[in-house]
Every structure is written in structure tokens, then in C-alpha cells.
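Visitor: Read top to bottom, the protein sequences are chains D and S.
The opening residue of the first sequence carries number 1 in the numbering used here; numbering runs sequentially from there.
The opening residue of the second sequence carries number 1 in the numbering used here; numbering runs sequentially from there.
Every residue gets a Cβ at the ideal spot worked out from N, C-alpha and C, and that includes glycine.
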Amino acid sequence: MTEAKELMQRYCDGDAGAFRELYALLAPRLLGYLVRMARERALAEDLLQQTFLKVHRARAAYVRGADPVPWIYAIAHRTFLDEARRGRRATVRVGEVETLPEVPAGLTGESDDRRDEVRGDPELMAAALDALAALPVAQREAVVLTKLDGKSVAEAAEIAGTTVGAMKVRAHRGYVALRKLLGKSEPGKHAGEEP
Amino acid sequence: MSASDLSPPGLPPLPGALESELAQLAPVRTRRPVRQLAMVVAVSLLYGAGLVVMLTIRRDLDELPVGWLIGAGLLWLLGFAVPLYLATVPRSGSMMPRWRLAGLTAAIAAIAAISLGMMLHPLGPNSVVLGWQSVTRGYGCLLHGLETAIVPVIAGTLALRRALPVGARWIAAALGASGGSLGGLVLHLHCPVADGLHVGLIHGGSIVAAAVLAAALVPRATEVR
Numbered sequence: 001m002t003e004a005k006e007l008m009q010r011y012c013d014g015d016a017g018a019f020r021e022l023y024a025l026l027a028p029r030l031l032g033y034l035v036r037m038a039r040e041r042a043l044a045e046d047l048l049q050q051t052f053l054k055v056h057r058a059r060a061a062y063v064r065g066a067d068p069v070p071w072i073y074a075i076a077h078r079t080f081l082d083e084a085r086r087g088r089r090a091t092v093r094v095g096e097v098e099t100l101p102e103v104p105a106g107l108t109g110e111s112d113d114r115r116d117e118v119r120g121d122p123e124l125m126a127a128a129l130d131a132l133a134a135l136p137v138a139q140r141e142a143v144v145l146t147k148l149d150g151k152s153v154a155e156a157a158e159i160a161g162t163t164v165g166a167m168k169v170r171a172h173r174g175y176v177a178l179r180k181l182l183g184k185s186e187p188g189k190h191a192g193e194e195p
Numbered sequence: 001m002s003a004s005d006l007s008p009p010g011l012p013p014l015p016g017a018l019e020s021e022l023a024q025l026a027p028v029r030t031r032r033p034v035r036q037l038a039m040v041v042a043v044s045l046l047y048g049a050g051l052v053v054m055l056t057i058r059r060d061l062d063e064l065p066v067g068w069l070i071g072a073g074l075l076w077l078l079g080f081a082v083p084l085y086l087a088t089v090p091r092s093g094s095m096m097p098r099w100r101l102a103g104l105t106a107a108i109a110a111i112a113a114i115s116l117g118m119m120l121h122p123l124g125p126n127s128v129v130l131g132w133q134s135v136t137r138g139y140g141c142l143l144h145g146l147e148t149a150i151v152p153v154i155a156g157t158l159a160l161r162r163a164l165p166v167g168a169r170w171i172a173a174a175l176g177a178s179g180g181s182l183g184g185l186v187l188h189l190h191c192p193v194a195d196g197l198h199v200g201l202i203h204g205g206s207i208v209a210a211a212v213l214a215a216a217l218v219p220r221a222t223e224v225r
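1) By Cβ distance below 8 angstroms, which residues in the same chain neighbour L189 (chain S) in space, the five residues on each side in sequence not counted?
2) Consult DSSP for V118 (chain D) and reduce its assignment to one of helix, strand or coil.
3) Considering just the uninterrupted stretch of the alpha helix (DSSP H) at M37 (chain D), what are its terminal residues?
4) Give every residue of the same chain whose Cβ lies closer than 7 angstroms to the Cβ of R225 (chain S), excluding the five residues on either side of it in the sequence, and list them in chain order.
5) Just to confirm, is the Cβ distance from L135 (chain D) to G174 (chain D) under 7 angstroms?
6) Rounded to whole angstroms, what's the CA-CA distance from I70 (chain S) to I159 (chain D)? Just pull it up for me.
7) Please classify R31 (chain S): does DSSP put it in a helix, a strand, or coil?
8) Relative to the C-alpha of I75 (chain D), which residue among S:V66, S:L84, S:M95 is closest?
9) Do we get a CB-CB distance below 7 angstroms when we pair V200 (chain D) with the residues of chain S?
10) Taking 7 angstroms as the cut-off, decide whether the C-beta atoms of V218 (chain S) and A155 (chain S) are in contact.
11) Looking at the structure shown, is V230 (chain S) part of a helix, part of a strand, or coil, going by DSSP?
12) Give the residues of chain S in contact with K54 (chain D), contact being defined as C-beta atoms less than 8 angstroms apart.
13) Kindly provide the ranges of any beta strand (DSSP E) runs that are 3 or more residues long and lie completely inside the region 39-77 of chain S, ordered along the chain.
14) Check whether the Cβ of Y33 (chain D) lies closer than 7 angstroms to any Cβ atom in chain S.
15) Just to confirm the assignment: which complete alpha helix (DSSP H) runs, minimum length 4, are found wholly within the region 144-203 of chain S?
16) Is A49 (chain S) buried or exposed, if buried means 16 or more other CB atoms sit within 10 Å of its CB?
17) When the Cα of S44 (chain S) is compared with those of S:A221, S:P90, S:G179, which residue comes out closest?
18) Mark W68 (chain S) as exposed unless 16 or more other C-beta atoms lie within 10 angstroms of its C-beta, in which case mark it buried.
19) Within the same chain, show all residues whose beta-carbon is closer than 8 angstroms to that of T105 (chain S), passing over the 5 residues directly before and after it, in chain order.
20) In chain D, which residues lie less than 8 angstroms from L182 (chain S) when you measure between Cβ atoms?
21) Assign Y139 (chain S) to buried or exposed, taking buried as 16 or more other Cβ atoms, counted over all protein chains shown, within 10 Å of its Cβ.
22) Under 8 angstroms by Cβ, that's how I've got I114 (chain S) and G200 (chain S) pegged, so tell me the actual separation to the nearest angstrom.
23) Three or more C-beta pairs closer than 8 angstroms, one from the region 35-48 of chain D and one from the region 141-151 of chain D: is that the case here?
24) Residues in its own chain within less than 6 angstroms of K151 (chain D) by CB, not counting five upstream and five downstream?
25) Under 8 angstroms by Cβ, that's how I've got H203 (chain S) and L187 (chain S) pegged, so tell me the actual separation to the nearest angstrom.
26) In chain order, what residues of the same chain lie with their CB nearer than 7 angstroms to the CB of A216 (chain S), ignoring the 5 residues before and after it?
27) Would you mind working out which of D:T2, D:Y33, D:R41 sits nearest L22 (chain D), comparing C-alpha positions?
28) Under 8 angstroms Cβ-Cβ, which residues of chain D neighbour V276 (chain S)?
29) Look up V89 (chain S) in the DSSP assignment and say whether it is helix, strand or coil.
30) Less than 7 angstroms separating the beta-carbons of R10 (chain D) and A18 (chain D)?
31) Is any beta-carbon of chain D found at less than 7 angstroms from that of M39 (chain S)?
32) Considering only C-alpha positions, which residue in the set D:Q49, D:R140, D:C12 is nearest to G27 (chain D)?
33) To be precise: take each residue of the region 17-32 of chain S, compare its Cβ to all Cβ atoms of chain D, and keep it if any distance is under 8 angstroms. Which residues remain?
34) I'd like the list of long-range same chain contacts for R169 (chain S), defined as Cβ closer than 7 angstroms, with 5 residues on each side in sequence excluded.
35) Between the C-alpha atoms of D149 (chain D) and G10 (chain S), what's the straight-line distance to the nearest angstrom?
36) Express the C-alpha separation of P27 (chain S) and R64 (chain D) in angstroms, rounding to a whole number.
In C-alpha cells, the structure reads:
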């Protein structure tokens with residue numbers, strides 16, 4: 001992502017405006033990821049703030065010319081896991097959140113830049129997001145990163161700090177569990193029919 | 001909730017602490033992995049050479065096969081350089097650590113050093129053979145190995161401070177294994193004990209000990225916090 005790279009370089013050179021642009025560019029996607037993982041909007045916002053605070057403190061670790069996005073995602077991922085370990089995880093389910101910060105990329109995994117393309121059935125999507133909350137954290141993360149955020153399995157594995165093989169297994173199991181959950185919640189519909 | 005309601009709402013404001021820091025944002029020196037690696041290697045090798053001089057060269061050095069001396073020395077050097085490179089230098093265009101490869105090479109270095117040390121340990125007239133005692137009394141060598149590992153581990157930690165969002169423990173283990181290998185090289189040039197158990201378990205074991213210690217102590221400094 002060239003834009004993020006350029007903004008990060010300008011930010012490291014002392015341009016505060018570049019940081020704000022970077023925040024505007026990445027925060028919506030990160031907040032979407034964190035909402036899906038934390039299952040509570042307020043907690044996700046708090047985690048997003050913590051993530052960017054950490055990015056700021058660690059900005060000297062930036063390697064010029066490198067893509068900062070997976071690094072920032074991984075910081076968000078670690079921030080969420082630390083929070084979850086502290087036992088302060090939210091109990092509110094995604095389905096109870098009034099709004100999500102961004103339009104999810106679609107269950108078939110289309111990425112942000114394809115957001116204008118036709119998306120799936122809105123009801124099915126809402127049900128899928130609801131079912132997502134029932135998955136174990138590792139599987140939920142794998143599904144969110146690979147199916148909703150449109151990351152490749154390799155990118156998702158890099159962000160989550162796991163192997164490509166393990167990420168494939170998690171994503172597959174999560175997707176199977178999700179389909180099962182959707183099948184139960186909506187007997188007339190099957191997630192497998194999603195284009 | 002329907003998906004049509006999923007419109008992008010406003011983002012949360014930046015934390016106050018961050019806003020005030022942004023108001024007086026100064027340029028920072030960003031990480032240069034290759035330069036840092038060169039620095040860590042140079043400092044570590046100088047320190048290792050200093051230790052060899054301080055501890056004195058092994059007395060049976062000129063009695064041992066040159067091929068073995070050079071070959072084993074190069075293997076120790078490889079065990080030092082490869083995990084260190086993978087731990088400190090990310091792939092081109094990426095900031096993410098290569099923790100899997102680094103951890104794997106650390107494990108390979110440890111296994112290779114222990115097994116080769118046990119199998120290949122030529123003997124000269126002035127070499128020392130202690131039998132089992134070479135293991136039970138091997139703490140001196142282990143200590144020298146760990147002393148040597150301190151500098152590469154600290155230098156590597158400084159290069160990676162607050163840079164690793166994932167895999168920090170594996171990277172730390174790789175730094176430790178790298179330092180332990182340098183320790184093995186120092187012992188290769190210093191210690192005249194020629195028992196396979198000693199060379200394998202104590203000299204090679206310094207890789208394991210340094211990797212375990214580094215994995216326990218270093219991640220806190222290198223993780224993004």
C-alpha cells in the first residue's frame with residue numbers, strides 16, 4: 001500500500017498531518033476488525049486508540065520503504081489479545097451493536113477496494129456477523145481477516161503471528177462453523193449459496 | 001441490525017496524550033535493519049575475539065586437524081550469523097519479523113552443534129579427557145558461553161526494541177541461539193577438553209541455554225508496547 005507507506009515516512013519525518021491522514025486511512029478498517037473481534041463498539045474504540053498510541057511510541061521501528069499496514073494490524077491484533085487475556089473482554093455480542101464502523105467487505109471476502117461491487121443479502125450478512133460472535137477467538141480472527149477484511153492467508157498468518165497452515169485450518173474450521181451456525185439460524189438459507 | 005445500517009460512523013478521537021505529542025512531533029531516526037545487523041555482528045565479533053584473548057587460546061590448537069578446526073569454526077560462525085540475520089532483518093518491503101525461520105534456524109543450530117560436537121571431537125596429545133566429569137564440571141565452559149552470548153543478545157535487543165508485534169519470543173530465542181553459537185566458537189578456540197559429551201552437551205548446550213534465557217528475558221524489550 002503505497003499511500004500508507006508514504007504517509008508513514010512523512011509521519012516519521014515529523015509531519016503530524018501525515019499521521020492524521022494515516023489514521024483516517026487505516027482507522028476505519030482497524031476499527032471494523034476490532035469491533036468484530038471485541039464484539040463491543042466502546043471496547044473496540046478503546047483498543048483502536050491504544051493501537052495508534054503504540055504505533056506512535058514505536059514509530060522509530062519503521063523500516064523505510066516497508067508497508068506499515070500488516071505491522072499496524074498486528075499491533076491491533078496483539079492489543080486485542082492482551083485485552084482479552086486481562087479478562088476484560090466484552091460480553092456484548094456483535095448483533096447487539098447498533099452500528100459497525102465500516103461496511104464489512106462481504107462474506108465472500110471481497111476487499112475494501114471492491115466495496116462498490118454487489119454485496120450479499122443484508123439479512124444474511126447480519127446473521128453471519130451475529131454468528132461470528134459465537135466462534136472461538138482464533139477462528140473468528142481467521143474468518144474476519146481472510147473472509148471479511150480480504151487479506152490473503154499469508155497476510156492473515158503474518159498479522160496473527162501464526163503459520164500459513166495453521167491460519168488455513170483456523171479459517172476453514174471457522175468458515176465451516178459459521179456455515180453450520182447460519183444453517184441453524186436460518187433454515188431456509190444456506191451460507192453456501194452466497195456467491 | 002441490518003446490513004444496510006452498517007454505515008461508516010465517525011472515528012473515535014485520538015487520545016489526549018497522543019494529541020499533545022503530535023503538537024510537538026519531532027522527526028525520528030527509523031530502523032535500518034542491515035546497518036544494525038552489521039553493527040551487531042561487528043560488536044559481537046570484537047567482543048568474542050577479546051574474550052578468546054582474555055581466556056587464552058587452547059593449548060592443543062596446533063595438534064588438531066586444521067580441516068576440523070576451520071570447518072567447526074565456520075559452523076559455529078554460521079550458527080551465529082544466520083539466526084541473527086533472520087531475527088534482525090525483515091523481508092524486503094516488510095516490517096514483520098521472520099520469527100518462524102529465525103526460530104527454526106535456532107533449533108537447527110542447537111541440534112547440529114550438540115550432535116556434531118558429540119560425534120566429531122578430535123584429540124591431541126595436550127587435549128584433556130575427563131570422561132563424565134567433563135559434563136558435571138562443565139559449568140565453567142557453559143558460563144563462558146553465556147558470557148559471550150550477552151553482547152549479541154543485548155545488541156540485537158537494542159536493534160529490535162519496540163519493533164515486534166508478533167513472534168517476539170522466537171526472535172529472542174534466535175538472538176540467544178546466535179549468541180550461544182558465538183559462545184561455542186569462543187569455547188572452540190579456548191577449551192582443550194576433547195570429550196564428545198563435553199563438546200556436544202556443554203559447548204553445544206550453550207546455544208540452548210542462551211536461547212532459553214533470551215526467550216525468557218528479552219521479549220518485554222522488543223515487543224511493541
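Guide: Answer, in terms of the structure:
1) V52, I57, R58, L61, G73
2) Any reading at V118 (chain D) needs caution, since the residue's pLDDT is 42, under 50, leaving its predicted position unreliable; the model's value is listed next. In the three-state reduction of the DSSP assignment, V118 (chain D) falls in the coil class.
3) 16-38
4) Correct list, in chain order: R162.
5) yes
6) A direct Cα-Cα distance of roughly 41 angstroms separates I70 (chain S) from I159 (chain D).
7) strand
8) Closest by alpha carbon: S:M95.
9) Only positions 1 to 195 of chain D appear in this structure, which leaves residue 200 (chain D) out of reach.
10) no
11) The requested residue 230 (chain S) is not part of the displayed model; chain S covers only 1 to 225.
12) V224, R225
13) none
14) no
15) 168-190
16) exposed
17) Ranking the options by Cα distance to S44 (chain S), first place goes to S:G179.
18) exposed
19) Take T105 (chain S), set aside five residues on each side of it, and the residues of its chain with a beta-carbon closer than 8 angstroms to its own are V82, P83, L86, A174, A177, in chain order.
20) By Cβ distance, chain D contributes nothing, its closest Cβ being about 25 angstroms from L182 (chain S), past 8 angstroms.
21) The residue in question, Y139 (chain S), is exposed, as its Cβ has fewer than 16 Cβ neighbours within 10 Å.
22) Going by Cβ atoms, the distance from I114 (chain S) to G200 (chain S) rounds to 5 angstroms, so yes, they are a contact pair.
23) yes
24) L145
25) 5 angstroms
26) none
27) D:T2
28) The requested residue 276 (chain S) is not part of the displayed model; chain S covers only 1 to 225.
29) coil
30) yes
31) no
32) One detail in the question is off: residue 27 (chain D) reads as Ala in this sequence, not Gly. For A27 (chain D), the nearest C-alpha among the options comes from D:Q49.
33) Shown in chain order are the members of the region 17-32 of chain S whose Cβ falls below 8 angstroms from a Cβ of chain D: A17, L18, E21, L22, A23, L25, A26, P27, V28, R29, T30, R31, R32.
34) A215, P219
35) 19 angstroms
36) 13 angstroms
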